[in-house]
Amino acid sequence: MPELPEVEVFGQYIQATSLHKKIVKVTVQDERILENISADNLAEKLKNKSLQSLKRYGKYLFVRISGDDEIYLMLHFGMSGNVKYFRDIEQQPSHMRIRLEFENGYYLGIISQRLLGKVGIVDDLQKFLEDKELGGDALNIDFDTFKELLSHKRGNIKSALMDQHLMAGVGNIYSDEILFQSKIHPACDVSSLNLSQKKTIFQQMKQVLQIAIQCSSEPDNFPDEWLLRNRNVDAKCPRCGDNIMRTKISGRSAYFCPTCQKQ
DNA sequence: GGTAATGTTAGACT
DNA sequence: TAGTCTAACATTAC
Numbered sequence: 008m009p010e011l012p013e014v015e016v017f018g019q020y021i022q023a024t025s026l027h028k029k030i031v032k033v034t035v036q037d038e039r040i041l042e043n044i045s046a047d048n049l050a051e052k053l054k055n056k057s058l059q060s061l062k063r064y065g066k067y068l069f070v071r072i073s074g075d076d077e078i079y080l081m082l083h084f085g086m087s088g089n090v091k092y093f094r095d096i097e098q099q100p101s102h103m104r105i106r107l108e109f110e111n112g113y114y115l116g117i118i119s120q121r122l123l124g125k126v127g128i129v130d131d132l133q134k135f136l137e138d139k140e141l142g143g144d145a146l147n148i149d150f151d152t153f154k155e156l157l158s159h160k161r162g163n164i165k166s167a168l169m170d171q172h173l174m175a176g177v178g179n180i181y182s183d184e185i186l187f188q189s190k191i192h193p194a195c196d197v198s199s200l201n202l203s204q205k206k207t208i209f210q211q212m213k214q215v216l217q218i219a220i221q222c223s224s225e226p227d228n229f230p231d232e233w234l235l236r237n238r239n240v241d242a243k244c245p246r247c248g249d250n251i252m253r254t255k256i257s258g259r260s261a262y263f264c265p266t267c268q269k270q
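270 is the number that this note's numbering gives the last residue of the first sequence; the numbers go up by one with no jumps.
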C-alpha cells in the first residue's frame, strides 16, 4: 500500500488515535526493521514520552516525540507496512513488528509483513533527508522544478516518476494511474516528451495523489474512471473498454491501456 | 509449487 | 565520473 497517499492516511490515523498519550512500554518483536538503532535504545527514547505531531515527506512519516530535544520517530513502510491502534492484545495484528503501549491500555502496532519497512529515531530531520538524497515532496514540487528535473533525466517516464531522488512519494501503483490519466505510455522516453505532455503529467500527478488521499487511499473509493479500481490483467480500460495490459518496466509491473496510452 | 507483490539500494553496467 | 539498470532483500498470498 504505502506510497505518498497511504503514508498521508497513516499519518492521519496516528494523529486521530495515538497523540498525547504517555508511552509506558515499547516491544520490538523483530529487530530487522530497525534502522541505525537497537531495540533497547528505541525503547529508551520513547518510554515515558508521547507522540506530539506528524510530518510526512514523500513515503516517510516523522512523528515528533515529546521533550525538549526535537527528535522524531521515523517510519517507512516498505512494500507492505501499516499501523494499527488496538486494545485487545489477543487480537493484535499479524506481522506486527513493533508495539507501543500507551498509558490508557491501548497499543499502536507497526506492521511490516515483508520486513522491508524501516523504523528509527531521527534527531536532525534536515540531515536525514539530505542523507537519503530525496527530491522534493511530490505534492509540494512546482512545475518549473518538475520540468527542470525531467530535462536532465534519461530513460522511461514511469521510472522517472518513481525516482525518489527526483521527487519523493510516487511509487509503482500511482505512477501507473498518473500515466493512465495523462494518456502516456509508461515506457515512453522522458526526452521525447513535449512541454504540454510534461504539464499534463505534472497536473495529473498532483490530482491523482490528492484525490487518493481524499479517498483515504481505499481503491473502492477511487473514481470509476481510474485504472487503480481494477489494476489487473483481466481488467478493461474504464475509458475505452480495451484490455488492460501488463508489462515490465525497470523490473516492476506496469499496467496500462494500449489504446489510450500509445507509445 | 511457481509467481508476484505498493520499496530501497548496493553493485554492475554504460 | 555519473547516470541507469538489475538483483537482492524477506515474507506471504494466490
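Cβ coordinates follow ideal geometry from the N, Cα and C atoms, glycine included.
Cutting at 6 Å between CB atoms, please list the residues of its own chain near residue 124, excluding the five before and the five after it. 40, 83, 84, 85 and 88
Residue 32, enclosing beta strand (DSSP E) - first and last residue: 30–35
What residue ranges within the segment 228–262 form continuous beta strand (DSSP E) runs of no fewer than 3 residues, ordered along the chain? 252–256
Could you tell me whether the Cβ atoms of residue 268 and residue 141 are closer together than 8 Å? no
What's the C-alpha gap between residue 209 and residue 13? 20 Å
What do you reckon, are the CB atoms on residue 114 and residue 122 nearer than 8 Å? no
If we count Cβ pairs, one from each stretch, closer than 8 Å, do we get three or more for the segment 186–196 versus the segment 150–165? yes
When burial is assigned at 16 or more other CB atoms within 10 Å of the CB, is residue 184 buried or exposed? buried
Backbone CA spacing between residue 211 and residue 105 [nearest angstrom]: 36 Å
Run the CB neighbour count on residue 179, radius 10 Å, all protein chains shown included, and call it buried at 16 or more, exposed below. buried
Would residue 52 and residue 21 be called neighbours here (beta carbons separated by less than 8 Å)? no
Any contact between the segment 219–236 and the segment 149–161? By contact I mean 3 or more CB pairs, one from each, below 8 Å. no
Where does the unbroken alpha helix (DSSP H) through residue 203 begin, and where does it stop? 202–221
Anyone know if the C-beta pair for residue 144 and residue 116 falls short of 8 Å? no
For residue 114: DSSP bridge partner residues: 93 and 108
Beta-carbon separation of residue 173 and residue 156 under 8 Å? yes
Could you spell out the range, first to last residue, of the alpha helix (DSSP H) harbouring residue 14? 11–24
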